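Enquirer:
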Amino acid sequence: DGEGDSSVIAEHIRRIRAKLAAAGAQKQYIETVWGVGYKWAK
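Residue 5 in the UniProt record's numbering is what sits at position 5 of the sequence shown, and the numbering runs on without skipping anything.
1) Assuming contact is defined by CB atoms lying nearer than 7 Å, are A22 and E31 in contact in what I supplied?
2) Within a Cβ cutoff of 7 Å, which residues of the same chain sit near E20, ignoring the five residues on either side of it in sequence?
3) Quick one, which of A10, D5 and G4 has its alpha-carbon nearest Y38's?
4) Have a look at V33 and G24 and give me their C-alpha separation to the nearest angstrom.
5) At the 7 Å Cβ level, is R14 part of the contact set with chain B, yes or no?
Put into structure tokens, the structure is as follows:
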């Protein structure tokens, strides 16, 4: 089920972003690339 898989991944990314923010991250380290997925920001 492709749609379910993508929502699971999106939820994991959301949680990782929240943990990074709680740890004091000053920028978004995970970027969303439309039509591709996610990538680490430099």
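All residues carry an ideal CB built from backbone N, CA and C; glycine is no exception.
If you're wondering where the values come from, they're calculated on a predicted model, not measured in any experiment.
Expert: Let me spell this out:
1) For A22 and E31, no; Cβs fall outside 7 Å.
2) Correcting the residue identity first, residue 20 is Leu in this sequence and not Glu. Beyond the five residues adjoining it in sequence on each side, L20 comes within less than 7 Å, by CB distance, of Y29 in the same chain, given in chain order.
3) Looking at the Cα atoms, A10 is the closest of the given residues.
4) Taken atom to atom, the span from the alpha-carbon of V33 to that of G24 is near 24 Å.
5) In the structure shown, chain B cannot be found, because there is only a single protein chain.
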